[in-house]
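First the structure, in the form of structure tokens, and then the observations on it.
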Ligand code: NAP
């Protein structure tokens, strides 16, 4: 087997309930930040292959390429909208009552669709949460979004959201989570689980800084990967999604990468393997603020 061949996706990606929603969403999904910067046809083919394999959760944002990522996603899902759990995000500076509605309309136009499955506040910003949630509720009543959530929210932000009108309807928190950044495990992840929210792990491969195999921690990963006939990245995804509330959204711009990521979904790590990874990539102390990129 070539060193990076790994498991291939023979069956579809495992689907789970997304937080309190009734719908089923692939445990491994597809990120799209900077996907518009490379070969567009290749990126579209990757997203479409990902959909074939059950990576139905496609994550984009008005910020990505100032709408160019949303436009590319729109092309990729053309004719297949019903197969997709489509998520976009409003920029904090746009998240006023009126600004959120305008931003959502713009995203729908870019995506060439009439609805988002989920709409997130990208991170905390200048506008009161009450306004953003009021806009989300109005958009939901109009059928332009089917659900809403937040991103980069630490526990004080989540508490505040929960006690704000409309805030206890959030369905997810999308946060930075990868082997070398496990801060959410201290408090955010338990909080979300207690409140029935889905947790979406963004930058699950460290945003281009994936541990090299020639490092001690990389070698631990490689050993476990070998035992599963998998790749190091597949083991990383299996580790991150070991809790049932967690979904991961790696960004892949080739069919090969999409296939490799999808095939991580069936890997079950033993307790001993989880402990080995835990020791190789320690969680570290709880940081003062939730890290984000
Ligand atoms: P990432 O998914 O951690 O890493 C992406 C990198 O991994 C790319 O260079 C990609 O290369 C590579 N890659 C993917 N699959 C691979 C494979 N099987 N083998 C080898 N390399 C592989 O980084 P990310 O884009 O930062 O995070 C993922 C998504 O999370 C984003 O795209 C975005 O949708 C979301 N996000 C959200 C926030 C937020 O604030 N809410 C912040 C950051 C990211 P190729 O492109 O060549 O395939």
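Residue numbers (the numbering used here): 864 to 1156. Note that the Cβ used here is the ideal one computed from N, Cα and C, for glycine as well.
query	result
Coarse secondary structure for residue 878, derived from DSSP in three states	strand
heavy atom of the ligand NAP below 8 Å from residue 1124 C-beta	yes
Short Cβ contact (9 Å threshold) for residue 997 with residue 1029	yes
Extent of the continuous beta strand (DSSP E) run through residue 1124	First-last for residue 1124: 1118-1125, but that is the alpha helix (DSSP H), not the beta strand (DSSP E).
Cα-Cα separation, residue 1077 to residue 1023	44 Å
Classification of residue 1055 by the beta-carbon crowding that lies within 10 angstroms, buried from 16 upward	buried
Under the three-state DSSP convention, the category residue 971 falls into	helix
Distance, residue 1147 Cα to residue 1093 Cα	27 Å
Reduced DSSP category for residue 1036 - H, G, I as helix; E, B as strand; rest coil	strand
Distance CB(residue 926)-CB(residue 1124) smaller than 9 Å	no
Alpha helix (DSSP H) runs wholly inside the stretch 1030-1077, at least 4 long, in chain order	1051-1057
Burial state of residue 912 (16 or more Cβ within 10 Å)	buried
Euclidean distance between Cα positions of residue 1111 and residue 950	13 Å
Near the ligand NAP: residue 1074 beta-carbon under 8 Å from a heavy atom	no
Residue 1071 Cβ short of 8 Å to the ligand MN heavy atom set	Questions concerning the ligand MN fall outside what the structure shown contains, since the ligands it does hold are the ligand NAP.
Length of the line joining the Cα atoms of residue 1046 and residue 1149	6 Å
Exposed unless 16 or more other CB atoms sit within 10 angstroms - verdict on residue 1074	buried
Residue environment, residue 1156, which counts as buried when at least 16 other CB atoms sit within 10 Å	exposed
Secondary structure of residue 1109, DSSP reduced to three states	strand
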